[in-house]
Amino acid sequence: MPGHGAAYFGKLAFGLVVMFAILAGLQAAPRRSRKIIIAFFTFLGGLYFALEFFYPAPSGENFLTGYQPLVAGLGAVIGSFAIGLGVFSLVQLHLRTLSRLRPGWGYSIVLLVSFVAMTVFGLMNEYSPNATVIPTVGGLWQSQNAHGMFRFLFSGGLSNLGSATFSIIAFYIASAAYRAFRLRSIEATLLMAAALIVMVGSVSFGTALTAGIHPKLTDGSENPWANLRIENIAQWLLMEVNTPAQRGILFGLTLGLLATSLRYWLSLERGAYFDKEL
Amino acid sequence: MNSTLWNRLQTIDRRIIYAVLLLFIIIPLFIDIPLPTYPSKQSQDFYDTLEKVAADKGNANKIVIVNGMWSPSTRGENQWQAEALITHLMQKHLHFATLTFDTQNDTVMQTSVVEPLAKKYGYVYGRDYVNWGYRPNAVYVITIKGLVTNIPGTIKKDAHGTPITSFAVMKNVKTRSDVAAVVDITPVESTETWLGLFEQNNSPPYLFAPTAVMAPTYYPYLDSGQIQGMLTGIKGAGDYEGLLHTKSFGSRIASALSLVYALIILLVIIGNVGHFATRAAKRREAS
Amino acid sequence: MQHASENWWVSGLVVLLSLIIIGKVLSAQRGRVPFIRRIPGLNAIDEAVGRATEMGRPVMMVPGISGLDVVTLQALSIFSYVARAVARFGNKSIMATIDPIVTGVAEETLRDAYADAGRPELFEEGDVRYLTGQQFAFATGVAGILIREKVAASFLFGAFYAESLIFAEVGQQVGAIQVAGTTQTNQIPFLIAACDYVVIGDEFYAASAYLSRDPTLLGSIVGQDYCKLLLLGIILIGIISTSLLTLIHGGPVAHLLHTLVDFLKVK
Amino acid sequence: MTEYLKHLLDPVLLFGALGTIAILSLVFKENRFYRLFEHIFLGLALGYDLELTWTTVLKPQFWDAMVHDGQWAWIMAVPVGLMFYGVYTQRFAWMSRLVFGIFFGLAAGTAFQDFSARFMPQVTRSFAPNKSLIPPPPTPGDPHALLHQVSFVLNNFLFLGIVVCVLVYFLFAFEQKNRAVLRTAQLGRWVLMFSFGAIFGSTIMTRMALLIDRMYFIFHDWLRLVKG
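Chains as they are written, first to last, in our numbering: chain A, 95 to 372; chain B, 7 to 293; chain C, 904 to 1170; chain D, 883 to 1110.
Structure (structure tokens):
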């Protein structure tokens, strides 16, 4: 460790020993107390934010506010150790496909190679972007450094593939509209009517339909009939119908969130995961 | 016509729909389809506001702040809005400063929009415009707050590391009162911060160019006059080009959009005709 | 509002609402099991799983694309019900996840659900698949699974964003029965257009109670209903006061109403 | 010509163009070309996740703090992080539940602040959806004063009516037997559908713009067939 002596290693070792001792203690606790231990730590996890909110903060801060970056950092650091769960799960699946030569094993190779390449060149791009990774071969190609490789994988691959996937939605929105907008029931009809009004109101040929209604009268005053311009009807729909409906939904959603949070925090939740004997 | 033909109308193969959609999008890229543009009220307001700003002689030494929150992922809408806006600023000889809080915005904004247009309109860096560059999103709020009272102290250096006080365009720009207008080109929620921390009694004017999907959320602000003009996605960019009489790519894309919308509406009508005809035919068979 | 002390009446209200919910939960646990209305989309779960089994094709579940939060956990508890149905029918299920921690919790949830249904051997490694943390890479992965595994029933519950239509439309194209629900209201129209059954708004939160008929969860739903009525009451009082204020200017009544509205207002 | 060919074969552009075509081909039919790029995409994204986890979280907040800033206590996060991996064993499986539990708690604990900050202002904003229930005094000389006032009042009551109908639809604990309740809930559902239609319609433009942009990338940036 640069800048730290042997004493620092001692501290690190001490930290590890203490933490493992605590975990060993928990592991040694009687089986039936495990549920209580979990409930306790769950409660503790939520307590910080709850207390920070409810404790009076006359100047906008209380004694807990300053620890927010620490708590967030701790959560992020510990949480990011879990990335292994994901990586193992995926890599294992593809290694298994590969070792048993199941159909499509070639694609597993492609996935694993892209994964390793991105990880390696991504990290090299952080630490030694100018390191040569592909040497020049006279007449065939120029040498390539780590940054170049990363740019190839990121700008050429990842970001274009992301945009392409996003743009697929354009096709799907068309086929979904064609299929779903049928005058089948009152509900389907309402869905269709609103969608068509808003669509027509938002493109030129639509606004052209009612462009004859001038916003101003000849005397310069406001024309009341201008409210019937298609884009104004669309806007009215979005503001006066959509907004209150959204608000009604929001009420239920937020209360649902509050109630569910309370059940998790106080370990009142039920269901397979929560009912299991440990 | 028999019922199978009607039935076909309501079960068009999706691949046919997709192929036609693709054609309707690609063709306008090559051919300029002269569809008339009818600017929406918000686009017209956007244009009129900047015209008014430009007409005011007191704004000659002031600056327009162009805040860009967009990245290549939404360039399909935001780049054309930016292009039309910068064109307008340059046509009217307004000074401006670009500022961004998105890591990828600076490159695309400068190389694809500002630099080519500066060449076209003879805009000189430092004299007519300046690039304040990128600031991390974490300091977004503090930066906007800082601009109110102390612009040079908040921005300090431009995108290339040169102190901004050394630029002629920044000579008289010290506080909010030296800002002629704020234009926000964005695919994310950035408005509240500007309205809450920077604006005072709707001054300087705040103009807004969001992606179309965001626009409906902001109608209340338009109603209350806190946002003086809005360009809704690519339709807004097309409107703006129409108002500037510089039909370029935004208008072409707006035409493509019109075609695509017409296609979808047509599909919905065809589907319904098929639906009803089939149902009627079935009823006839049953009776 | 960052802290309770900025507005004690609002934070008091939060506490009151919490107490109502907890109170209803506790009273339901003591045996006063309440009734809740029918939620149409959810009755279709068994039907969908059953049909998938008849066709000999698997069931797909996607718990949204956010990390481990309350919404995702709620989605997992709906899926634990789905998984039990899958195990009862002796079918196979695949769950795709976007977050490593969610992956861990999801594996546990499915394993427990299969065990609950008496078929622990049906759960296999690889049934829960972490794909990646990137939104659209995840979307291509899910689309690939839906097509290649010939999924016959697809369940989308959780927080979905723009990619919702990719999942729903691809699922529709492979002919899967689809049941969906999300807390992202902006995505509901697309789910309605492409799925067979959609639960709307906080039907999503009511789903696990409705499916499990567990007194705790039912009690919570009833508590939430009382909270809604309370909030509706506050809105009505607020509206009446503000409307009266535009009619009455000056005088003690106006003063009283002013005080009331100021009290109710949140900055 | 060779210059053009060189441009077409530029690795970054070529990768992007082929990838775009491959991904878009999915809408016509799932095929090997799509599958190839799907797996490349998943691999790249996973690698990028790993890199981001290191460069944005672990390195600055954990490694640098511990190794360079002398904050030795960070080492104690390691055993806690390892608890996740208890899932893989029978014996320590409950340990993973313990650490999941802490995360459940963290996720739940923010609910109070979230509720007060994000939600309560919406409640109070409903008191006067359009500033007030009663229209403002007519501006002198406005020839359509009456029309303005009538539309103002109608819009306000519409707003209120919709909020109430939607809320009634979302009541679960009351059997919708009462005709009035049933009708209101039904109306609530209809309004919801209408509102969803409006959302659908207003989303299309942004989605189409993305596809237009992809085509612009292929035909302008890569093939240079379009003058833009």
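Backbone N, C-alpha and C fix where the C-beta goes; we use that ideal spot for every residue, glycine too.
Margin query: Applying the 10 Å Cβ sphere with the 16-neighbour rule, what's the burial state of Trp912 (chain C)?
Written below: exposed
Check: Using the rule of at least 16 other Cβ atoms within 10 Å of the residue's Cβ for burial, across every protein chain shown, is His294 (chain B) buried or exposed?
Finding: What is shown of chain B runs 7 to 293, which leaves residue 294 (chain B) out entirely.
Check: Interface residues of chain A around Thr43 (chain B) at Cβ under 8 Å?
Finding: Ser298
Item checked: Enclosing alpha helix (DSSP H) for Phe214 (chain B) [first to last residue] -> Not the alpha helix (DSSP H): Phe214 (chain B) falls in the beta strand (DSSP E), residues 212–216.
Margin query: Contact criterion: CB-CB distance below 7 Å. Does Pro961 (chain D) meet it with respect to chain A?
Written below: yes
Next item on the list: Entirely within the region 913–987 of chain C and at least 3 residues each: give me those beta strand (DSSP E) ranges in chain order.
Entry: 962–965
Next item on the list: Keeping to the same chain, check which residues put their C-beta closer than 7 Å to that of Ser261 (chain B); ignore five residues upstream and five downstream.
Entry: Pro34, Ile39, Leu41
Next item on the list: Can you grab the Cα-Cα spacing for the pair Trp330 (chain A) / Arg1065 (chain D), in whole Å?
Entry: 25 Å
Notebook entry, point to check: What residue range is occupied by the uninterrupted alpha helix (DSSP H) comprising Gln1031 (chain D)?
Noted result: 1027–1051
Next item on the list: Output, in chain order, the set of chain A residues within a Cβ distance shorter than 8 Å of Ser1057 (chain C).
Entry: Near Ser1057 (chain C) there are no residues of chain A at all, since even the closest Cβ is about 15 Å away, more than 8 Å.
Margin query: Once the 5 residues before and after Lys927 (chain C) are set aside, which same chain residues still bring their CB inside 6 Å of it?
Written below: Gly1122, Val1125, Gly1126
Next item on the list: Pair every Cβ in the region 198–211 of chain A with every Cβ in the region 929–949 of chain D, then say whether three or more of these pairs are closer than 8 Å.
Entry: yes
Item checked: Any C-beta of chain C under 7 Å from that of Ala927 (chain D) -> yes
Margin query: So if I threshold CB-CB distances at 7 Å, which residues from the region 130–141 of chain A count as touching chain D?
Written below: Ile131, Ile132, Phe135, Thr136, Phe137, Leu138, Gly139, Gly140, Leu141
Notebook entry, point to check: From this set, B:Ser254, B:Leu201, B:Gly256, B:Ala90, which residue's C-alpha is nearest Ile233 (chain B)'s C-alpha?
Noted result: B:Leu201
Margin query: Please classify Asn913 (chain D) as buried or exposed, where buried requires at least 16 neighbouring CB atoms within 10 angstroms.
Written below: exposed
Notebook entry, point to check: Do the region 1144–1159 of chain C and the region 20–27 of chain B meet, that is, are 3 or more Cβ pairs less than 8 Å apart?
Noted result: no
Checklist line | Cut-off 6 Å between Cβ atoms - residues of its own chain near Tyr127 (chain B), not counting five sequence neighbours on either side | finding: Met96
Checklist line | Interface flag, Arg21 (chain B) vs chain D, CB-CB below 7 Å | finding: yes
Item checked: Residue closest to Val297 (chain A), alpha-carbon to alpha-carbon, out of B:Thr43, B:Arg20, B:Ile32, B:Trp12 -> B:Thr43
Notebook entry, point to check: Roughly how many whole angstroms lie between the Cα atoms of Leu247 (chain A) and Ala899 (chain D)?
Noted result: 13 Å
Check: Which residue's Cα is closest to the Cα of Gly952 (chain D): A:Ala144, A:Phe103, A:Arg196, A:Ser202?
Finding: A:Phe103
Note to self: Tyr1108 (chain C) and Thr354 (chain A) - do their beta-carbons sit closer together than 7 Å?
What the structure shows: yes
Next item on the list: Using a cut-off of 7 Å between C-beta atoms, extract the partners of Arg276 (chain A) located in chain B.
Entry: Gly277, Asn278, His281
Checklist line | DSSP three-state assignment for Tyr140 (chain B), whether helix, strand or coil | finding: strand
Notebook entry, point to check: For Ile1103 (chain C), which residues of its own chain have a beta-carbon under 8 Å away from its beta-carbon, when the five flanking residues on both sides are left out?
Noted result: Gly1084, Ile1091
Checklist line | Cutoff 7 Å: Ala176 (chain A) Cβ touching any chain D Cβ | finding: yes
Next item on the list: Assign Asp996 (chain D) to one of two classes, buried (16 or more other C-beta atoms within 10 Å of its C-beta) or exposed (fewer than that).
Entry: buried
Notebook entry, point to check: Which residues does DSSP pair with Asn219 (chain A) in a beta bridge?
Noted result: Bridge partners of Asn219 (chain A): none, in fact.
Notebook entry, point to check: According to DSSP, is Gly160 (chain A) helix, strand or coil?
Noted result: helix
Margin query: Against chain C, does Met965 (chain D) count as a neighbour if the rule is that its beta carbon must be under 7 Å from one of theirs?
Written below: no
Notebook entry, point to check: Does any CB atom of chain D fall closer than 7 Å to the CB of Ile1145 (chain C)?
Noted result: The amino acid at residue 1145 (chain C) is misidentified as Ile; the sequence shows Thr. For Thr1145 (chain C), the answer is yes, since a Cβ of chain D falls inside 7 Å of its Cβ.
Check: Can you name the start and end residues of the beta strand (DSSP E) that Ile271 (chain B) belongs to?
Finding: It is not in any beta strand (DSSP E) - Ile271 (chain B) instead sits in the alpha helix (DSSP H) that spans 255–292.
Item checked: Buried versus exposed call for Glu363 (chain A) [16 or more other C-beta atoms within 10 Å across all chains shown] -> buried
Notebook entry, point to check: If we count the other Cβ atoms within 10 Å of its Cβ and call it buried at 16 or more, is Ser978 (chain D) buried or exposed?
Noted result: buried
Notebook entry, point to check: Checking contacts by CB at 7 Å: is Gly82 (chain B) closer than that to chain D?
Noted result: yes
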